[in-house]
Amino acid sequence: MTKDEVKEAVKDIIATIAPDEDLAALDHSKLLRDQIELDSMDFLDIVMELRKRYGVQVPEEEYKELGSLDSCGRYLHPKMAAMELKLLNA
Amino acid sequence: MIEHYDTIVIGAGMSGLAAGIRLAQFDQRVIVLDRHSLWGGLNSFYKQKGRRFDVGLHALTNYVPKGTKGNRPLARILRQLRLPHEALKLGQQRGSRVSFPGVSLRWTNEFEVLRAEVADKFPREIDGFDRLVRDIEPYPELAPSDGPPVMARATLGGYLTDPLLVDMLLLPLLYYGSPTPDDVEWNSFVILFKSLYEEGFARPEGGVRTILDLLRGRYQELGGELRMNSGVARILHGPRGLEGVLLDDGTELRARTVLSSAGYVETLRMCSTDVAQTVSDADIGPLTFVEFLSVLDRPPAQLGHEDTIVFFNTEERLVYASPIEGSVDLRSGVLCCPDNYEAATPPKDPLFRLTLLANYSAWTGFDEDGYVAEKARVHDLALDVAARFAFDPRPNTVYVDGFTPRTIQKFTGHLGGAVYGSPNKQLSGRTPVEGLFLCGTDQGYLGIVGAMLSGIAMANQHALQPA
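Heads up: the protein sequence lines correspond to chains B and R, in order. Per my numbering: the first sequence = residues -13 to 76. Per my numbering: the second sequence = residues 235 to 701.
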């Protein structure tokens, strides 16, 4: 996966968790929770889905790295570079 | 035979099934156990003479329309369980009322209706009422700490001066979920106030079964295992924490985590003697109820009764305590007409439900004939009282049934028939046993929405966090 695909993977997870949110207009550099309704329970779900779909572990103290799509890309890319993108909401 | 799981959930009620869904969602090997043959726990259903009855559900609180923004409990549950809003098939209340001698307050799911009623009937209190509403607006979620409770009346005194208004606002909230007499803990007050008055009541078309079928279906579709008629005899734990559970039939299930919705006292009494001794009978909830169901020959609206729920109190001061004399207290209660919710298809059997505070020991002290006779006697007296606040259903009644604290304890396993559980809530869900956690009514969230939220929150915090 490229860094952009990693961001797509995260967006696809958010689409599963929060199907009513409009993700098309997300600004990648801004915090997700400032743009759509995501609470701490939802962030837990992002982490759990990353583990379920890609086997990626995100320790609790690193949840903050998932704040924006850009930071997700930066933080997750090294862990996911060798994996293949799986889209469930394409 | 020994079977292995990641997490064992005790109790197939709303909280247990919601917890099960969360865990199965993320591929845990999970089993939900229940001693009863039917799921639902305190919000269940039964069939008699070809008729289906709900127990527990008068209303689903926290109603918000699909897509409502903000931190709304109903929206959060649906998202966490990945269920669409439409699946609940919610119909809103037409309007409910709290009635005291000479004065009543009506409310709907539009908060302005209640505010206007307060302004009209308690003009000197409206500024305090508005200030209360403003102050609790940003109030945080239930604080996850187990400490001495702050009670609502004390705090409300800083806003409202007329004790009648305080009592009137409290009565529905207490009946909806207070495990303590005459008052409710402040955090719970805030949650209940928002749930009942600011958000409001709705009913799933089809009643409690609609929600339960949805939860059970989702859980099983995710691969979760549900085992009915499987009571837990003992929770097994040793020096290294939790080991599993032993079922009534001798089967041993192993897991490192157990979530129990059986109740605080009930759960700890399944543990070793030293743990069981940390609770006493004083921790058992004192409040329990009788409920009478009258099936009518026509919808209540055709008899001139449009209210969805009426909370009544025959005295000047609020009555909400375990009856000291007699088997029930006729001085306050709840009348509910499920037909007075909006619905595409009205309920099959028009119904009039009447709920009263009851005395557990009185109801368990009768022999069988005495029990049946007392039920009939009290039902008649209760309908006399109800007729003053709504209508007398007797001329249009085609079938009656009722249940008492004895029935509640028998089918739910909650000691004392304590519908709202122990007054001693464990908000963190923790117990003296490592790996054993509480969810459901004794963890502290209230009502149907609260039960599901409790299962979700406890599963998230204690059973799901990556190791």
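We put the beta carbon where it would ideally sit given N, CA and C, even for glycine.
Query, Result
"So isoleucine 558/R is in the beta strand (DSSP E); what residue range does that whole segment cover?", "Element bounds for isoleucine 558/R: n/a, residue is neither H nor E."
"Tell me which same chain residues have a C-beta within less than 7 Å of the C-beta of serine 54/B, skipping the five on either side of it?", "His14, Ser15, Lys16, Leu17 and Leu18"
"In chain R, which residues lie with their C-beta within 9 Å of the C-beta of alanine 77/B?", "Because chain B is modelled from -13 through 76, residue 77/B falls outside the range shown and cannot be assessed."
"Buried or exposed for histidine 292/R, please, with buried defined as at least 16 other CB atoms from any protein chain shown within 10 angstroms of its CB.", "buried"
"Within 8 Å, do at least three Cβ pairs link the segment 299 to 308 of chain R to the segment 543 to 556 of chain R?", "no"
"Is there at least one Cβ from chain B nearer than 8 Å to glutamine 660/R's Cβ?", "no"
"Where does lysine 281/R fall in DSSP's three states?", "strand"
"Does the Cβ-Cβ distance between leucine 649/R and isoleucine 518/R come in under 8 Å?", "yes"
"Distance cutoff 8 Å, beta carbons only. Does isoleucine 0/B sit that close to anything in chain R?", "no"
"Can you tell me where the alpha helix (DSSP H) holding valine -8/B begins and where it ends?", "-11 to 3"
"Check distances from the C-beta atoms of the segment 294 to 305 of chain R to those of chain B and list, in chain order, the residues that come in under 9 Å.", "Lys300, Gly301, Lys303, Gly304 and Asn305"
"Taking DSSP as the reference, what is the three-state secondary structure of leucine 366/R?", "helix"
"Assuming threonine 641/R contacts alanine 592/R (C-beta within less than 8 Å), just tell me the rounded distance between them.", "Threonine 641/R to alanine 592/R, Cβ: 11 Å. No contact."
"Would the segment 250 to 262 of chain R and the segment 600 to 612 of chain R be scored as touching if the rule is three or more Cβ pairs under 8 Å?", "no"
"I want to see whether chain B comes within less than 8 Å of leucine 698/R, judged by CB atoms only; does it?", "yes"
"Check whether chain R comes within 8 Å of lysine 72/B, counting only Cβ atoms and requiring the distance to be less than that.", "no"
"So, for arginine 328/R: in the same chain, excluding its five sequence neighbours on each side, which residues have a beta-carbon less than 8 Å away from its beta-carbon?", "Thr342, Glu540, Asp541, Thr542, Asn574, Tyr575 and Glu576"
"Does the CB of aspartate 240/R have a neighbour CB from chain B at under 8 Å?", "no"
"Three Cβ pairs or more, each shorter than 8 Å: is that satisfied between the segment 67 to 75 of chain B and the segment 671 to 688 of chain R?", "no"
"Across the segment 237 to 247 of chain R and the segment 433 to 442 of chain R, are there enough close Cβ pairs to call them in contact, namely three or more that are closer than 8 Å?", "no"
"Verify whether the separation of the beta carbon atoms of asparagine 463/R and serine 688/R is less than 8 Å.", "no"
"Can you confirm whether alanine -5/B, when its beta carbon is compared against all beta carbons of chain R, has any partner nearer than 8 Å?", "no"
"How long is the line joining the alpha carbons of methionine 402/R and lysine 428/R, rounded to whole angstroms?", "16 Å"
"Within the 8 Å Cβ cut-off, does leucine 17/B reach chain R?", "no"
"Under a three-way DSSP split, which group does glutamine 43/B fall into?", "coil"
"Shorter than 8 Å from the beta carbon of aspartate 8/B to some beta carbon of chain R?", "no"
"Near alanine 252/R, which residues of its chain fall below 6 Å by C-beta distance, leaving aside the five closest residues on each side in sequence?", "Met686, Gly689 and Ile690"
"Distance check for alanine -5/B and serine 412/R, CA to CA, integer angstroms please.", "45 Å"
"Decide if proline 378/R is buried, meaning its Cβ has at least 16 other Cβ atoms within 10 Å, or exposed.", "Confidence is the limiting factor: at proline 378/R the pLDDT is only 46, short of 50, which leaves the residue's position unreliable, though a coordinate-based value still follows. Looking at its Cβ environment, which holds fewer than 16 other Cβ atoms inside 10 Å, proline 378/R is exposed."
"Below 9 Å between beta carbons is the criterion; list the residues of the segment 28 to 46 of chain B that meet it against any residue of chain R, in chain order.", "Asp28, Leu30, Asp31, Val33, Met34, Glu35, Arg37, Lys38, Gln43, Val44, Pro45 and Glu46"
"Between which two residues does the beta strand (DSSP E) carrying arginine 461/R extend?", "459 to 461"
"For isoleucine 3/B, would you say it is in contact with chain R, using Cβ-to-Cβ distances shorter than 8 Å as the test?", "yes"
"Pick from Pro581/R, Gln677/R, Gly663/R and Arg468/R: whose alpha carbon is nearest that of leucine 267/R?", "Arg468/R"
"Check this for me: beta carbons of leucine 527/R and asparagine 630/R, under 8 Å apart or not?", "no"
"Using alpha carbons as the reference points, say which of Tyr409/R, Pro406/R, Tyr410/R and Arg365/R lies closest to threonine 389/R.", "Arg365/R"
"Looking only at its own chain, which residues have a Cβ that is under 7 Å from the Cβ of phenylalanine 287/R, when we skip the five neighbours before and after it?", "Phe279, Tyr280, Leu527 and Asp635"
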